[in-house]
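Chemist: Just dropping this structure here.
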Amino acid sequence: MTRYIFITGGVVSSLGKGLSSAALGALLQARGYSVRLRKFDPYLNVDPGTMSPYQHGEVYVTDDGAETDLDLGHYERFTGVPARSSDSVTAGKIYSNVIARERRGDYLGGTVQVIPHVTDAIKEAVTADTDGTDFVLIEIGGTVGDIEGLPFFEAIRQFGYELGPDKVMYVHLTLLPYIPAAGELKTKPTQHSVKELRSIGIQPDLLLCRSDRAIPDSERRKIALFCNVPERRVIAATDVASIYQVPVHYHEQGFDTQVLDHFGLDSESKPNLDIWRHIVDRLLAPEGEVSIAVVGKYTGLQDAYKSLDEALAHGGIANNVRVDMRWIDADIFESDGAMQELETVNGILVPGGFGERGAEGKIAAVTFARTKRVPYFGICFGMQLAVIETARNLAGMEKASSTEFGPCAEAVVGLMTEWKSGEDVERRSAGDNLGGTMRLGAYDALLRTGSKVRTAYGTGLISERHRHRYEVNVNYQRQLKAAGMRFAAFSPDGELPEIVERDDHPWFIGVQFHPELKSKPFAPHPLFASFVKAAVDQSRLV
Ligand code: GLN
Numbered sequence: 173m174t175r176y177i178f179i180t181g182g183v184v185s186s187l188g189k190g191l192s193s194a195a196l197g198a199l200l201q202a203r204g205y206s207v208r209l210r211k212f213d214p215y216l217n218v219d220p221g222t223m224s225p226y227q228h229g230e231v232y233v234t235d236d237g238a239e240t241d242l243d244l245g246h247y248e249r250f251t252g253v254p255a256r257s258s259d260s261v262t263a264g265k266i267y268s269n270v271i272a273r274e275r276r277g278d279y280l281g282g283t284v285q286v287i288p289h290v291t292d293a294i295k296e297a298v299t300a301d302t303d304g305t306d307f308v309l310i311e312i313g314g315t316v317g318d319i320e321g322l323p324f325f326e327a328i329r330q331f332g333y334e335l336g337p338d339k340v341m342y343v344h345l346t347l348l349p350y351i352p353a354a355g356e357l358k359t360k361p362t363q364h365s366v367k368e369l370r371s372i373g374i375q376p377d378l379l380l381c382r383s384d385r386a387i388p389d390s391e392r393r394k395i396a397l398f399c400n401v402p403e404r405r406v407i408a409a410t411d412v413a414s415i416y417q418v419p420v421h422y423h424e425q426g427f428d429t430q431v432l433d434h435f436g437l438d439s440e441s442k443p444n445l446d447i448w449r450h451i452v453d454r455l456l457a458p459e460g461e462v463s464i465a466v467v468g469k470y471t472g473l474q475d476a477y478k479s480l481d482e483a484l485a486h487g488g489i490a491n492n493v494r495v496d497m498r499w500i501d502a503d504i505f506e507s508d509g510a511m512q513e514l515e516t517v518n519g520i521l522v523p524g525g526f527g528e529r530g531a532e533g534k535i536a537a538v539t540f541a542r543t544k545r546v547p548y549f550g551i552c553f554g555m556q557l558a559v560i561e562t563a564r565n566l567a568g569m570e571k572a573s574s575t576e577f578g579p580c581a582e583a584v585v586g587l588m589t590e591w592k593s594g595e596d597v598e599r600r601s602a603g604d605n606l607g608g609t610m611r612l613g614a615y616d617a618l619l620r621t622g623s624k625v626r627t628a629y630g631t632g633l634i635s636e637r638h639r640h641r642y643e644v645n646v647n648y649q650r651q652l653k654a655a656g657m658r659f660a661a662f663s664p665d666g667e668l669p670e671i672v673e674r675d676d677h678p679w680f681i682g683v684q685f686h687p688e689l690k691s692k693p694f695a696p697h698p699l700f701a702s703f704v705k706a707a708v709d710q711s712r713l714v
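Residues in the sequence shown are numbered consecutively from 173, following our numbering.
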């Protein structure tokens with residue numbers, strides 16, 4: 173039997189609903205249950221693929237090629253369950269489905285309305301593709317009271333009414349702000365937020381209260397009484413130093429116990445949370461430190477590189493060191509003297525990116541890493557720019573560039589118009605829509621025997637996630653090889669270079685995919701573990 177837990181938020185956004193959902197998922201798994209986690213976003217974009225990172229942070233890509241909210245990344249990192257396209261639902265997706273059905277005549281001449289047609293489509297999305305999982309956790313984006321969220325709240329209200337409390341639970345995340353002048357945690361915003369939720373017919377079963385300190389018993393009693401929630405189900409979610417402390421912290425506050433109790437399931441036995449304790453020990457008491465420069469475009473906004481941030485930290489866990497990440501705006505390298513920013517780092521990483529702005533600065537950072545023998549990790553755009561750098565500076569192709577920046581004489585990186593996806597061939601042209609027209613999702617790659625990456629992965633066949641339009645042109649293989657850069661992995665048909673590396677450098681690797689999307693704290697990605705190790709080795713040299 174599948175049970176459904178809806179996680180809503182109130183008072184303010186950014187309280188960490190995604191992390192709370194992910195941590196609950198991890199706790200239920202530790203109790204032996206299977207879980208799926210889903211995000212329902214009430215905005216009208218069909219997916220976040222076309223949104224600016226400033227709007228939405230990173231776009232997280234699933235194996236099946238969906239461009240989704242970054243919360244799906246948290247879900248995967250905490251539970252290891254690969255997210256799917258069906259786990260990411262937006263109002264845009266729901267409405268475009270409903271409108272497509274209307275155009276087909278599926279509604280048989282009826283008036284198409286938010287209730288029941290949109291709400292029915294939302295309810296279908298709740299139960300779709302759940303394969304008998306024990307618990308499906310669904311986070312509703314935004315906060316209660318948002319106009320655009322109303323159809324979602326109405327749909328989950330109906331869903332709970334139809335299935336009943338032994339199959340459905342509502343968890344509401346709120347904020348208890350501390351007011352220094354009063355010397356108190358204030359419960360009023362929580363009361364209002366719950367009132368709002370109840371006014372649309374949802375009585376929360378459990379309140380998760382974010383605060384910067386413990387909740388005094390008197391306040392807990394007050395919240396319980398005014399919000400109609402048993403005291404034991406008013407759970408304190410106090411701030412912690414690392415996100416990976418959240419599962420253990422929530423467990424200590426009784427979160428998972430109360431969830432199981434709600435469903436009438438055994439809540440007495442203790443879950444084994446040793447892996448989380450181990451991860452936290454490593455993160456909070458590492459034996460050393462390395463510094464890595466991340467040279468990108470959205471460095472002012474860490475959410476734009478969320479998975480990368482986490483994957484580097486996981487590389488630190490694997491090597492028992494803290495990774496000090498220095499987020500550097502690529503633009504600064506276009507002026508003189510900026511290179512000294514890189515003098516003190518133990519590794520340089522150029523992450524994924526789009527567009528010409530900052531590209532020359534990133535290429536300058538690649539030159540620095542290559543010539544000074546500093547470990548270099550190029551991810552997607554970072555690989556393409558590393559290839560351009562070698563082509564220009566070592567292979568005599570001064571005009572080498574990517575067609576992403578306009579027509580060029582030596583297009584070592586060019587637009588991909590055709591590629592194989594399993595048995596099918598995908599085709600694109602330069603004028604296609606921007607949304608969903610990239611090479612997206614998991615693709616296999618074969619690693620060359622004797623390559624450094626093959627040693628790092630410990631296998632010759634990998635599957636990694638992609639999100640790009642352009643591709644390193646395989647026809648330049650010979651010239652690049654003569655300049656010391658080898659293609660270390662290809663797509664199975666041998667057409668698309670997937671990894672480049674240099675033999676004359678301690679660690680210089682560029683990958684066409686996004687390895688950061690698959691790294692977990694309990695299973696650091698092999699390339700991040702290997703890169704951070706190279707940075708540790710480098711730190712011993714200086
Ligand atoms: N802009 C490049 C492309 O579209 C790289 C994309 C990326 O780094 N994700 O191919």
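The C-beta atom is built at its ideal place from N, Cα and C for all residues, glycine as well.
1) Tell me the DSSP secondary structure of residue 626 in three-state form.
2) Return yes when the Cβ of residue 462 is within less than 8 Å of the Cβ of residue 704, no when it is not.
3) Whole angstroms are fine: how far does the CA of residue 187 sit from the CA of residue 451?
4) If you count every other CB in all the chains shown that lies within 10 Å of the CB of residue 310, and 16 or more means buried, which is it?
5) Under the three-state reduction of DSSP, which class applies to residue 448: helix, strand or coil?
6) When DSSP labels each residue in this structure, what does residue 335 get in the three-state scheme?
7) Exposed or buried, which one is residue 190 when buried takes at least 16 other CB atoms within 10 Å?
8) Within the chosen definition, does the region 496-515 reach the region 463-480 through at least 3 CB pairs nearer than 8 Å?
9) If we count the other Cβ atoms within 10 Å of its Cβ and call it buried at 16 or more, is residue 377 buried or exposed?
10) At what residues does the beta strand (DSSP E) containing residue 181 begin and finish?
11) When you compare the CB positions of residue 368 and residue 317, do they come within less than 8 Å of one another, or not?
12) At a cut-off of 7 Å, would you count residue 586 as near ligand 1, judging by its Cβ distance to the nearest heavy atom?
13) Roughly how many angstroms lie between the CA atoms of residue 192 and residue 418, to the nearest whole one?
14) Along the beta strand (DSSP E) that carries residue 346, what are the first and last residues, could you check?
15) What does residue 262 pair with, by DSSP beta-bridge criteria?
16) Would residue 650 be called buried (16 or more neighbouring beta carbons within 10 Å of its own) or exposed?
17) Quick check on the burial criterion: 16 or more other C-beta atoms within 10 angstroms. Buried or exposed for residue 611?
18) Could you spell out where the beta strand (DSSP E) holding residue 395 opens and where it closes?
19) Can you list, in chain order, the stretches of the beta strand (DSSP E) that have 3 or more residues and sit fully within the region 403-439?
20) Could you spell out the range, first to last residue, of the beta strand (DSSP E) harbouring residue 586?
21) Between 460, 536, 221 and 336, which lies nearest to residue 708 when the distance is taken from Cα to Cα?
22) Whose CA, out of 555, 438, 322 and 564, lies closest to the CA of residue 263?
23) Mind listing, in chain order, the continuous alpha helix (DSSP H) runs of no fewer than 4 residues lying wholly within the region 512-595?
24) Under the criterion of a Cβ to heavy atom distance below 7 Å, does residue 639 qualify as lining ligand 1?
25) Please report the residue range of the alpha helix (DSSP H) in which residue 366 lies.
26) Could you spell out where the beta strand (DSSP E) holding residue 383 opens and where it closes?
27) Going by beta carbon distance, what residues of the same chain come within less than 8 Å of residue 398, once the five residues before and after it are set aside?
28) For my contact list, residue 720 and residue 232 are in at a C-beta cut-off of 8 Å; report their separation, rounded to the angstrom.
29) Only counting the same chain, and skipping five residues up and downstream in sequence, which positions put a Cβ closer than 7 Å to that of residue 529?
30) Tell me where the alpha helix (DSSP H) around residue 708 begins and ends.
31) Let's see if you can read the secondary structure: which residues bound the alpha helix (DSSP H) around residue 489?
32) State yes or no: is the C-beta of residue 549 nearer than 7 Å to some heavy atom of ligand 1?
33) If I measure Cβ to Cβ from residue 339 and keep anything under 6 Å in the same chain, skipping five residues before and after, which residues do I get?
34) Alpha carbon to alpha carbon, how far is residue 584 from residue 668? Give it in angstroms, no decimals.
35) Can at least three beta-carbon pairs, one atom from the region 438-445 and one from the region 674-690, be found at a separation below 8 Å?
36) Mind checking whether residue 520 and residue 541 have CB atoms under 8 Å apart?
Modeler: Answer, in terms of the structure:
1) helix
2) yes
3) 23 Å
4) buried
5) Under the three-state reduction of DSSP output, residue 448 falls in the helix class.
6) helix
7) By the neighbour-count criterion, in which 16 or more other beta carbons inside 10 Å mark a residue as buried, residue 190 falls on the buried side.
8) yes
9) buried
10) 175-181
11) yes
12) Residue 586: no, Cβ never under 7 Å from ligand 1.
13) Whole-angstrom Cα-Cα distance: 8 Å.
14) Annotation for residue 346: the continuous beta strand (DSSP E) segment containing it runs 340-347.
15) 213
16) exposed
17) buried
18) First-last for residue 395: 389-399, but that is the alpha helix (DSSP H), not the beta strand (DSSP E).
19) 406-410
20) 582-587
21) 460
22) When only C-alpha atoms are compared, the closest one is 322.
23) Whole alpha helix (DSSP H) segments, 4+ residues: 512-515, 531-543 and 553-565.
24) Residue 639 Cβ: within cutoff of ligand 1.
25) 360-371
26) That run of the beta strand (DSSP E) goes 378-383.
27) 359, 363 and 366
28) There is simply no residue 720 to check, as the chain begins at 173 and stops at 714 in what is shown.
29) 469
30) Going by DSSP, residue 708 is part of the alpha helix (DSSP H) stretching over 698-713.
31) 478-491
32) Not a single heavy atom of ligand 1 lies less than 7 Å from the C-beta of residue 549.
33) Correct list, in chain order: 175.
34) 12 Å
35) Taking a cut-off of 8 Å for Cβ pairs, the region 438-445 and the region 674-690 do not touch, as fewer than three such pairs fall below it.
36) yes
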